[in-house]
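Please read the structure below before turning to the comments.
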Amino acid sequence: MIITKVLIALIALLHLYILILEMFLWDKPLGMKAFGNTAEKAKLTKVLAQNQGLYNGFLAAGLIWSLFAPASYAAALANFFLGCVLVAGIYGGITASKKIIYIQALPALLALIVLNLV
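Per numbering that gives the first Met the number 0, residue 0 is the first one in the sequence shown, and the count goes up by one each step.
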């Protein structure tokens, strides 16, 4: 149970970090380096990135909610939000960068496996 909660917490923290990168640092050196953007591309895509960052925040919020929810539905919440992270990671890995599969999808898959084995 503790391993599951640690995995979920780490994935939530990752998505909070992504939120910060996409919403606030997209056109700053750290954000451009993280996503391999030029200043011109970052300027053109800033609003889209901010919207995407907000959605990553929703994923983090749901995962954090699952950590503090009553046991009667905490696992259902975790399964739902980890499933969303997994799907987003697979889609991002196919359409944007294969790196996303390793950063986002695989940790979510691992957490889902551990969650459903315990």
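Cβ atoms here follow ideal geometry from the backbone N, Cα and C, with glycine treated the same way.
1) Could you give the distance in angstroms between the alpha-carbon of T94 and the alpha-carbon of G88?
2) What whole-angstrom Cβ distance do A77 and L114 have, given they're in contact under 8 Å?
3) For V86, which three-state DSSP category applies?
4) Beta carbon of M22, beta carbon of L47: below 8 Å?
5) Who are the near neighbours of C83 in its chain, counting only those whose CB is closer than 8 Å to its CB and skipping five residues on each side?
A quick look at the data gives this:
1) 10 Å
2) 6 Å
3) helix
4) no
5) L58 and G61
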